[in-house]
Every structure is written in C-alpha cells, then in structure tokens.
C-alpha cells in the first residue's frame, strides 16, 4: 500500500504563486462515439482532467499524439462541449455554446494553433484576419484607431516594420513569421488566457526559441495565463511554471517543471524523459527503455478499469490492473497517479520534506 | 587591428572516414538547382561527402537547407525542374567492384538495378510512401520480385524473416498500411529498405512524425540492424540533438552548402561553425543543468537570395565584411586529428569553442551573453 493521499484542499498548482486563478477546468471529460449502432464504442479521449491557469503563469500540458492534449485545448476554447465536468472563468461556470453571449468568453480565451500554414487564410493579406478580430471585439474603435492597433499588434510580435507586413500575403512569410501573425491575431481581442497548441512544433529548430520568447514576453506584458501544449517535455522544462503530463486522456503527473523533469515520479514520465534525445549520451549505444516488448498502447483508451499505463508499466501489479489510481500527492505541489510510487520513485516518497525547487524556473 | 586575419585558404581537404578505406558512396562537388521562371535556384552547391562502408553519417539542416535535395539528387530521384548541374556520385559496392560506378552517368535500366538493391531509401512519411491499397506482403514482395529470383517458399520465408527483423508479428504481412500504427508503418518501411540487402540506406527524417518513445525504439532498432547487417546509413534530419546520439559523423548543411563536418563528439564539444553552435544552443535539454538558450535570429535561408560568400552571414552573430568573400571550402579545424572541418575561416569567440582566441577576448570582443553557457558542459 502506498502512503500517499489523493490530492485535496492542501494541493496547489505550481503556477499558483505567480498570479491569481483565471481559468479552471474541473474534472473535464470528453467521450467520443466511434462506429455506430451495435458496434459503437465509447472512446474516452479526456478523463477527469483538472487544471488551473493563473495570471502571468505558463502551464505546460505534455503528452504524445493521441493523449488527448489537443482535446483539452478544444474543450477550454469552447470548440467542443465536455461530456462531464466544468470550466470556470474567474470562478464562474462557463457553458460553451454558439450563442452570442459566449463571444465574451471567446474574447477572453484565445487559441494559437500548431500549423501556421493552415490556420491563416492564404487568400487574404495579413491585414485582414487582424482587422476582423479587432473590429469584432473592439467595436468602439474608429477607423484610424483600428489602423494604429494593427501596427501595434504586429510590433508586439516583433514583425517590424509593421506596415510592410500588413500588406503581405501569408505565402510571402516564413513559418515563424506566420506563427507570429497567428499570435497577433489571438492578441487582437485582448484575451487573458492564451491556449497555445504546439505553437512551435512545425517551425524550424533555430526559430522555435524566438517564437516561444515572443509568447513569453507577451505573457509578462499582458499578464496572460498561458496553456502551452506540447509533446516536447524539454521545452516545457524551460518555458512552463507547472508541467502536467497526460497519458491516454488522463493527467498522470503534475508538478513544478524543473522538479518534474529532473526527478520524474510516474513511470510514464520516466519513460518519456528517458526517450528524449540526449547528446550527452553520445558514444553509448542507444538503449531502449524497459518497455520495448510492450507495444500495446493502442487499447489504452478502451481500458475500463485499472491504470491505463499498466499494460506498459514495468512496476504494475494486480492492484494497478484492477483499480485506477487518482492523483496522489507527493508534496504540496506535486502529484502522480500511481499506486507504486514507493517502487517507481522511492527517493521522492521517502523524503517528503524536500519541497522548494532549487533552480529558478524562468531562465 | 580588427579581428583575426582569415586563415589562408588552402586546398580542399580530404574529408571522409578512416584513411585507406574506400568510401562506398562518394559525393563529389555536387550541385543541384531548381529551374524557375526567375532563373535557377541553387539548392545544393558544391557538396562533397563520403560514406564509408558501415558508417552512419548524419546530415543536419533546417528547411531549405537542401538536405533532402542532396540525398535524392545523389540517387537521381529528382525530377525536373530539379537539375543536377555538376559533380559526380560514385558508388562502390561489393557487388560492383572497387572502381565503382558514377550514378550520374547511369541509364534508366542501370539505375533500376542500383536502386533498392544497392541504395535504398526510408522516407519520412510512411503513410504516403506505402501504397494504401496493397497489403504489406505485396509491397514487400514487389521489391523481392524486382531484384531477386526466388522460389515461392524462399520468397515467403524472406518476407517473414524481414518482419521478424524489425519486430513485427508475421500475421501483419496480411495487413494494409492503415491497419498499422505509425511506428509499425515506419518499421515496415525499414524492412522494405533492407529487403534485398543494400549497402547504403538513406533515411530521410525516418522518425520525425513519431512520438519520442516510439522514435527511440525505432532508432535502437536501426542501430541494431546496422551493426548486424553492416550497411552504411545517410541519416537526414533537422534534429541535431538526435543526430549527435546516432551518427558517427555529422555534416551540417545550410543554404545548400556544407558548413561543418566532423565526428559527433567534435560537433558537440568542439563546435567550429557559428551556425552549428546556434543550432546546439536552440535545443532545450531535459537532462543536465539548465543552460541559457538562444535561438538564431532571422529566418531560414531563402534560396532566391543567398548572399555571396557564407550563406549564414546575415544571421551570424560574428559576421564581418570578409564573410562575403570566403569561398566556403572546408578547412581543417586547428588541432583536430580526425578530419574535423569547417567552412568558417574565423575562430569563433566562444568559451567552449575550438580555440579560446586570446586575441579576440583581449581586444574586448565580448562573448554575447546569450551564447554563454551557464551550466557545466561536459567536455
């Protein structure tokens, strides 16, 4: 038996120290029906996900393709309605709808998508999507004010001189420049929450940092609450205050990014970190992690009982296969959904006194 | 005195694996252009690269660097408007003999014999590279039929053992590509590439579309197979951190030019070219101490407007007027005993760089703060 208790009142997001709570997801779930009639099955893409976005803080949601991380973003953006659970903005429950009243929410919570080649309409000049957003959401502005607002937006994302960019077509811009236009468009409505779904994974390595840096500076300047969705746990380490790791629709571990990446608790987080490329292992032959023979992640979504990672987990026992673990507190800011933490991460659960992170999070 | 005088530009140095070993694939002074209405667009310029038998050479570059054009061009797989405007590609396989053949001079029939049998390719997108309406068995069988004369039993056995090789259950021979996961499809691609025992396998971003866990499994598999079957690999990727782990030697390509070539150890710890340095500093690392990171300012090269001299010059922190005049020949890095070469004739002012140039630091050419490395880097 593990001694850890499920997280409760005493648990706080690692981002909570940065600013007040803005957007919260409570036990969000999303089921999709696949097939139809008698053959229809339920795929629970997101299961009981809770997260908190705080003003001026970055929370990273890390997971592999199919883990449900983009579905979480769509739920938060109001593009999908949750099957269960609720979303609270400033403590008020929000009901996604197509209704006009929902526009208010949309202007508070904006999204940046992965593919800047698809998310910007290529038949219009850069001016068009920006202008539209400004006019729809800042109706009080006059013609001249709109024009200067567009210039200001492009300057915020470091596309200068702005006049030159406004009249260009998307195909005349590089991937990084397009992504910055997409960020400017999200900013045009003066949001308080930015949901960035893999904002740099389509970009060239050498320009990824600059785009992340743009987002980071905007976060600081406009006190944005940022959800950074990524498959790259290394970038979460550098960019986010708190990191949440998703596996098969569930959050399996959360905690301050540096702690979590340097001393992962959940076996899946350990696997993820061990798989990340590491130039310092140079010269050693590539070793795979112990789960090589277990290539059965496919059915994880259909598992109804037990831990979804159990089929791939080297530590799984009968309890893991029978009973799904809730997030168990490791300390006031860290938690992992694992019954076998005493075996998987003995050094973490034995000395619970260890709390403050030793390295500051922001570089 | 301003700066360091450029090192005299010497002869093109011999680059390649261990001396005395005949490379299995030798690319000499290869240039490839795309014909456009606005004139020729040079995607690959004067590239020399050798691949020794059984060696893994990594080709790293960003989009537009010409890495895929180079590899496909070397196999004559490009169609107009791409044109090879100069150079030679010599293949010397065991079945061909030590004199080798110049791939660029082969006719269609000869090329068909070389392709797959001698040089196979694993493409990035297995979903697009596999035929969606053919079962795995049939696509792999096609390769066998084209190159080997096998009896029915031999053919069946060979197909089964190829799947064994990459760790896929034999029943999957009956599957269609869409019934396989991304990782399995990539494994099928690898099995197909190895079907007729080629000596060179070109892997064009073989794991880019895969999740990290699966990526690592595939890389381990490639490494194992490569050790067992002794084929040479040209591994193309944009992910330098990955390449450092898998490749024996690494070539850094930018704007169609080779900027640096050396073994992984040297590229990592004795980085000689500012671009390579910039790329290395662009990767956040999960392991080890936190370092300060810096991307490379500016945009990836636009082939329509490559400046004279060094193509990286517009984005280079250390650029100077002489950069427009250098001829981009690869020069030996001072102190290297292993053919570590760089196209940058200037010493890079960098604490962990090649040579700590006292002249530069004494004159107060400050190391940009973004470039300094906070943590202890292993060296």
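Residue numbers (our numbering), protein chains in the order written: chain E, 1 to 363; chain X, 1 to 379. All C-beta atoms, glycine included, are put in the ideal place defined by N, C-alpha and C. The structure presented is a predicted model; accordingly, all values stated were derived computationally and were not measured.
In this structure, residue 253 of chain X sits near residue 70 of chain X, with a CB-CB distance shorter than 9 Å.
Taking residue 95 of chain E as reference, the option from E/218, E/76, E/112 and E/113 with the minimal CA-CA separation is E/76. Within chain E, the residues 206 have their CB atoms less than 9 Å from the CB of residue 278 of chain X, given in chain order. C-alpha of residue 293 of chain X to C-alpha of residue 187 of chain E: approximately 26 Å in a straight line.
Interface flag for residue 278 of chain E against chain X is set, since a Cβ pair is found closer than 9 Å. DSSP, read as helix, strand or coil, puts residue 158 of chain X in helix. Taking 9 Å as the CB threshold, residue 245 of chain X lines the interface with chain E. For residue 176 of chain E, the neighbours in chain X by C-beta distance under 7 Å run, in chain order, 299. Taking the CA atoms as reference points, residue 236 of chain E sits about 8 Å from residue 230 of chain E. For the segment 212-233 of chain X, the beta-carbon criterion of a distance under 9 Å to any beta-carbon of chain E is satisfied by 212, 213, 214, 215, 216, 217, 219, 220, 221, 222, 223, 224 and 227.
A Cβ-Cβ separation of about 6 Å places residue 199 of chain X in contact with residue 118 of chain X under the 8 Å criterion. Beta-bridge pairing by DSSP links residue 111 of chain E to E/195. Here residue 126 of chain E is actually not in contact with residue 191 of chain E; their C-beta atoms are around 19 Å apart, not less than 8 Å.
Membership of residue 202 of chain X in the beta strand (DSSP E) is indicated by the continuous run 200-204.
As a beta-bridge residue in DSSP terms, residue 52 of chain E pairs with E/24. Looking at X/137, X/150 and X/144, the one whose alpha-carbon comes closest to that of residue 168 of chain X is X/137. DSSP, reduced to helix, strand and coil, places residue 218 of chain X within a helical segment of the structure shown. For residue 262 of chain X, the enclosing beta strand (DSSP E) has its first and last residue at 257-263.
Inter-residue distance for residue 136 of chain E and residue 197 of chain E is about 23 Å (C-alpha atoms, whole angstroms). With contacts defined as CB atoms closer than 9 Å, residue 64 of chain X and residue 300 of chain X qualify as a contacting pair. Take residue 160 of chain E, set aside five residues on each side of it, and the residues of its chain with a beta-carbon closer than 8 Å to its own are 154, in chain order.
Membership of residue 60 of chain E in the beta strand (DSSP E) is indicated by the continuous run 58-62. In this structure, the straight-line span from the alpha carbon of residue 68 of chain X to that of residue 74 of chain X is close to 10 Å.
DSSP, read as helix, strand or coil, puts residue 85 of chain X in strand. Residue 42 of chain X is bridged by DSSP to X/33. In chain order, 234, 235, 237 and 238 make up the part of chain E whose C-beta sits under 7 Å from the C-beta of residue 284 of chain X. Shown here, residue 315 of chain E sits in coil according to DSSP, grouped into three states, outside any helix or strand. Per the C-alpha coordinates, the member of X/134, X/172, X/333 and X/164 positioned closest to residue 266 of chain X is X/333.
Rounded to the nearest angstrom, the gap between the Cα atoms of residue 190 of chain X and residue 93 of chain E is 51 Å. Any Cβ of chain E closer than 9 Å to the Cβ of residue 38 of chain X would place that residue at the interface, and such an atom is absent. DSSP, reduced to helix, strand and coil, places residue 158 of chain E outside both helices and strands of the structure shown, so it counts as coil. As DSSP reads the structure, residue 50 of chain X sits in a beta bridge with X/26. Residue 244 of chain X is not a Cβ neighbour of residue 330 of chain X, given a cutoff of 9 Å.
Residue 222 of chain E: member of the alpha helix (DSSP H) spanning 205-222, first to last residue.
With contacts defined by Cβ atoms closer than 9 Å, residue 116 of chain E and residue 203 of chain E form a contacting pair. Sequence-distant Cβ neighbours of residue 251 of chain X in its own chain, meaning closer than 8 Å and more than five residues away, are 49, 57, 58, 59, 60, 258, 260 and 261.
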